[in-house]
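Engineer: Would you mind keeping the following structure in view while I ask a few things?
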Amino acid sequence: MINNQRSFFFNVDWVTVFIFLALCTIGWFNIHAAVFDERYPSIIDAHTNYGKQFTFIVVSVIVGGVILLLESRFITALAPAFYIITLLLLAIVLVVGRNVGGNQAWINIGGGFRLQPSEFAKFSTCLLLARYLSGPNIRVTEPKAFAIAAAIIGLPMFLIMMQPDMGSTLVFLSMVFVLYREGLSPYFLIIGALFIALFVTSILFPPLSVIGIIIAITMAIIGLFRRNKRVVYTMLTGLAICIVFVFSVKFIYNNVLKPHQKVRIDIILGIKSDLRGKGYNLNQSKIAIGSGKMWGKGYLKGTQTKYSFVPEQSTDFIFCTVGEEWGFAGSLTVLGLYLFLVLRLIFIAERQRSPFSRIYAYGVASVIFFHVMINIGMTIGLVPVIGIPLPFISYGGSSLLSFTILLFVLLKLDSNRMGIV
Amino acid sequence: MNSFFERRYVIAGIFIAIVVILLARLFYIQIVDPKYAIYAGKNVLRQTIVYPARGPILDRNGKILVQNEPFYDIMIAPREVKPFDTVEFCKLLGIDRDGFNKRWIKAWKYSPVLKSVFEKQLTAQTYASVSERLSEFPGFSAITRYLRNYPDSVAAQFLGYIGEVQDNDIKRSNGYYHPGDFIGVTGVEKSYENVLRGQRGVNNQMVDSRGTLKGKFANGLYDTAAVPGLRLTSSLDINIQKLGERLMQNKVGSIVAIEPSTGEILCYVSSPTYNPNLMVGRERGNNAAKMYADVYNPFFIRPVQAKYPPGSSFKPLSALIALQEGIITPQTTYYCPGYYQAGNRKIKCNNGEAHGLVNMSSAVAESCNGYFSMVFQKIIDHNGIKQTEATYTDWRNNVKKFGLGNRLDLDVPGESRGNVPTPLYYDNTYRKGGWRASTIISLAIGQGELLATPLQMANLECTIANHGYYYKPHLVKAIGAQNVIKKEYTLRNYVGIDSGYFEPVINGMQAVVEHGTGNHSKIPGIIMCGKTGTAQNPGGEAHSVFVAFAPRENPKIAIAVVVENSGEGAHWAAPIASFIVEKYLRGSISPRESGITVEQFANANRLPDSALYYSRFRKKVLPKDTAKKLKTDSLKKPVKGLKGASRQNKKDSSTRLLAVLPKGKDDK
């Protein structure tokens, strides 16, 4: 028994726990700086968001501890149940949810707290996806298995899109990394990248010239491999799809996207620069981060964030405070921690005996990484403004708790890696 | 483990690549590109200018001519306003409902959050009732500002006024002035702007995105304090200035008095004048418009801008030059038959009075035109008729030494040169060599093309009082608390006449007041030396002119008085001058032998026929299109009438036309 206890303790991946705590602390301090209120200077004052964040951190650590004490089998068994509950919540939120900032994403749970089901959907989707793909004789390369996996990912995506919360919807796309690791053809990644590139170019340039260039490239390749009938057919099919895609992009861009989404894309692509209106947020965010220089302005000394030039400075734009008050050094530290975390998660994933744990671990790594990439990319103008939180750092109970559960379930599974789940 | 084990490196590689891209971008905006730090500074920095108090201006004895008076601006922050009794509030501020709505909309448009001016420049009296109740109206507040205030409402043309800067002022100032700043527009306020305005301070504060102040920037390291403008001590004596303005009311003209021993101007009256307080505050625009519509033009600074023929007041100068040139001696006599025959022209003495045998002093005393015409002809002809032009040029230069025909560089703007005609002018008028002493004989008695400002006339008296030199006349005695005096004001300007020649002329001038033309204005116990002048002019009745200095020994005051279109100098200008002189020397006015009193003169209405001024006024003031619009038949009449019609006619049409103007002098 004693042996067992000790091994449990040693088996927890303390490096990850340390990074988790470090990121939470960084987040807490930066929220303090971002929404500093002179009336309540104390960092644990419950009137303020930084005081509340402290509570969230404490709750999250307790929840994390509880998860480590749970039985792994229990988690695996309940995966479908979690998933169904999440879907129900996502459906309920569309009916009774509270509309905040255009997204019907929150359910009031009393006591001034609100629950955001979409945050927990990431966890339950990862869990069920892992459960399904780890089943016997399931291969992603088989169309049926791929379709089921896509459905598991697509259902919550669809419900979240109805809110409509574009940011959280896109997060589920990160599951493509999981599927890739489990055998999905690399063409998915390549074609995905190709389509993003096509999307951008067809917004920037007139469709006919884009199509002209694509035809030219296709013809060149066909010319090189004209002996190989298969290549020729593939290329011709691809060409047809590309042409349809280019036109559909214009159509989607002009008729399906909402005006604010269009503007965000325009701004990021440099088509519009409306610094006082729609581009204000991004511009102020860049000013905040850019003015941090090498070492930053110092703790609580950031003028951009403290004086409310940056919007959403404690949630989606929390990285502005990091960049402004801690400079490039701070940015480097935070990004370094994240990179270290996701690489560590990949390392953890690969040491699992059980496919379930591995698949789940890749899910966690992908979700976290996608959040980091989109969130930080957005604050520095590399990707359009999409409202998703920075894991462990952004203010918000639902977000912190769901990431904690996501991570600590993995740590629990990892601590049991020697056993068979 | 499965067969796709290697793919972890691909995934890790993608993650690393993306993080590197993010870091590269961060490196660029945080370290390479400096513009974001500059933008951040601009975002948060709010510079406000701290306006210094403008320097006050005192009279020579330290009495305040202009000071800064607190005024109150009512500010509004529209967001903070709660429902309140608007009727009551409008009553407090003295505005109507429409006015309230307009201001409200304007303030809201400016900013719902930031404070803006709701109502400008409440006086202390109005504000007293507002301040008690201001707390009942949340969102409204008051700030104190300072505006010019003139406790005695005197010397408007001397002080000038301040106004908002114009675009070209801003351009010329190399960025010193900003729109909305105030600058001296005329008078001392303009010429001493650099001294009076003080030095502005700058306050660097931080603001948040809504513009709310968040404390000092860099702990006030870059802040500068405002330095108040320096105090100016003017040379004016407020007592005689007030008296002068009172005596000149309902008259058009000017009084200039100078202290001969310093060149300090004691009295600087331009009439009609205006209350300088009218050019301050909320009603300024309306007041100014009214004054611009006044044909007598209160903004015309008569002491330095009006040019008059000096008339007989020029005679002492004429005599002095002749004495210096050795043309005459004090004993030179002339038998006056009541006129002087110059070629085929006859210069009549006043009212054709025959003075009989006169010498120089008595000629001055009796203002004998004949004597001085004789002297003038002698001067011009003494090198022979062929040398007329050269001799005239010499004479002209001698006259100019007295400060005539040139600006005296007074320390307020707008000075006129006056005129001493050039030989070229006569060449053009007649033909080269086609003019003689007899042609230009009117110069002998200060008429013809000779023109002088009242300031020049007073300065001439200073020169006589000083026996041959003057100090540059000036209006500001000292600058700042240390009483700095400009060095140029301590230098004597000699006019090239030996001091010995002055006594006989001064004798004559004394006689003018003792028993000559100015004997009405004799001051008991004070010897005043003066000279009357009746300046003929093309625009109607002669101007009444009097110049003098007093007392004879050790003179303290030199004075020139002009009352436009009022006839003989002895009747109007001389008594007025005598009151000023006595008031200055004695502090009070004693009963006169002739029975004249201050009241009598202060109440007299000598306003000239406004039609005389109308043509000038129309040219100067009315914009062209307005003038055209007014050019109806009825309008044409008075302008035409000026030339030939009787005075009664002119008056009729003019009163019809210019109902806004004060009535003519016939009211007296």
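So the protein lines, in turn, are chains H and C. Under our numbering, the first residue of the first sequence carries the number 3, and numbering increases by one thereafter. Under our numbering, the first residue of the second sequence carries the number 969, and numbering increases by one thereafter. All C-beta atoms, glycine included, are put in the ideal place defined by N, C-alpha and C. Keep in mind that this is a model prediction, so the values were computed, not measured.
1) What distance in whole Å lies between the Cβ atoms of C/Thr1431 and C/Phe1370, which are believed to be in contact at a cut-off of 8 Å?
2) So, at 7 Å on beta carbons, what are the nonlocal neighbours of C/Ser1159 in its own chain, with the 5 sequence-adjacent residues on each side left out?
3) Helix, strand or coil, according to DSSP, for H/Gly18 in the structure here?
4) Starting from C/Met1174 and walking both ways along the beta strand (DSSP E), at which residues does that stretch end?
5) Quick one: does H/Leu135 have its CB under 8 Å from some CB of chain C?
6) Verify whether the separation of the beta carbon atoms of C/Val1195 and C/Met1216 is less than 8 Å.
7) C/Ile1527 and C/Leu1553: beta carbons closer than 8 Å?
8) When the Cα atoms are used, what is the spatial distance from C/Gly1062 to C/Phe1068?
9) Taking Cβ to Cβ, would you say H/Phe247 is nearer than 8 Å to H/Leu200?
10) What residue range is occupied by the uninterrupted alpha helix (DSSP H) comprising C/Arg1071?
11) Which residues bound the alpha helix (DSSP H) around C/Asn1366?
12) H/Arg228: buried (16+ other C-beta within 10 angstroms of its C-beta) or exposed?
13) Rounding to the nearest angstrom, what Cα-Cα distance links C/Asn1171 and C/Val1133 in this structure?
14) My assumption, with CB atoms under 8 Å, is that H/Gln286 sits in contact with H/Phe321. Please give the rounded CB distance.
15) Is the Cβ-Cβ distance between C/Val1531 and C/Gly1221 less than 8 Å?
16) For C/Val1480, which option in C/Val1122, C/Pro1284, C/Thr1241 has the closest C-alpha, if you only look at C-alpha atoms?
17) Identify which residue in H/Ile388, H/Gly329, H/Leu415, H/Ala36 has its Cα closest to the Cα of H/Val366.
18) In terms of alpha-carbon separation, which member of C/Ile1032, C/Ala980, C/Asn1011, C/Asn1243 lies closest to C/Leu1181?
19) Less than 7 Å between C-beta atoms, sequence neighbours within five positions excluded: which residues of the same chain meet that for H/Ser368?
20) Give me the DSSP bridge partner(s) of C/Phe1108.
21) Taking only beta carbons into account, state which residues of the stretch 1189 to 1212 of chain C come closer than 8 Å to chain H, listed in chain order.
22) Between H/Gln306 and chain C, is there a C-beta pair that is closer than 8 Å?
23) Below 8 Å on C-beta distance, what does H/Lys288 contact in chain C?
24) What residues from chain C crowd round H/Ile348, counting only those whose CB sits closer than 7 Å?
25) Could you work out which residues of chain C lie near H/Phe76, taking near to mean beta carbons separated by less than 7 Å?
26) Report the three-state DSSP secondary structure of H/Val98 (helix, strand or coil).
27) Tell me, please, whether the CB atom of H/Asn5 is closer than 8 Å to any CB atom in chain C?
28) For C/Tyr1019, decide whether its Cβ has a neighbour in chain H, counting only Cβ atoms nearer than 8 Å.
29) Using the C-alpha atoms, what's the distance from H/Thr203 back to H/Leu25?
30) How long is the line joining the alpha carbons of H/Arg419 and H/Gln354, rounded to whole angstroms?
31) Mind checking which residues open and close the beta strand (DSSP E) that includes C/Ser1505?
32) For chain C, check one thing: does any of its Cβ atoms lie closer than 8 Å to the Cβ of H/Met296?
33) At 8 Å on the CB atoms, spell out the chain H contacts of C/Met1174, in chain order.
34) Rounding to the nearest angstrom, what Cα-Cα distance links C/Ile979 and H/Glu184 in this structure?
35) Specify, as a first and last residue, the run of the beta strand (DSSP E) that C/Arg1313 falls within.
36) For C/Ala1008, decide whether its Cβ has a neighbour in chain H, counting only Cβ atoms nearer than 8 Å.
Structural biologist: Reading off the structure:
1) 6 Å
2) Asp1379, Val1380, Pro1381
3) Inspection of the sequence shows that residue 18 of chain H is occupied by Thr rather than by Gly. Note: H/Thr18 maps to helix in three-state DSSP.
4) First-last of the beta strand (DSSP E) with C/Met1174: 1169 to 1175.
5) no
6) no
7) no
8) 10 Å
9) yes
10) Start and end: 1065 to 1078.
11) 1356 to 1369
12) exposed
13) 22 Å
14) So it is not a contact: roughly 13 Å between Cβ atoms.
15) yes
16) C/Pro1284
17) H/Leu415
18) C/Asn1011
19) Within the same chain, H/Ser368 has close Cβ partners Ser176, Met177, Phe179, Val180.
20) C/Ile1044
21) Flagged: no residues at all.
22) yes
23) Ile997, Tyr1004
24) Arg976, Ile979, Ala980
25) Near H/Phe76 there are no residues of chain C at all, since even the closest Cβ is about 26 Å away, more than 7 Å.
26) helix
27) Bear in mind that the predicted position of H/Asn5 carries a pLDDT of just 47, short of 50, making it unreliable; the figure below should be weighed with that in mind. Taking Cβ atoms only, chain C never reaches closer than 8 Å to H/Asn5, which makes this a no.
28) no
29) 37 Å
30) 6 Å
31) For clarity, residue 1505 of chain C is Asn in the given sequence; the question names Ser instead. That run of the beta strand (DSSP E) goes 1497 to 1505.
32) yes
33) Those are Thr305, Tyr309, listed as they occur along chain H.
34) 12 Å
35) 1313 to 1316
36) Cβ-Cβ to chain H under 8 Å: yes for C/Ala1008.
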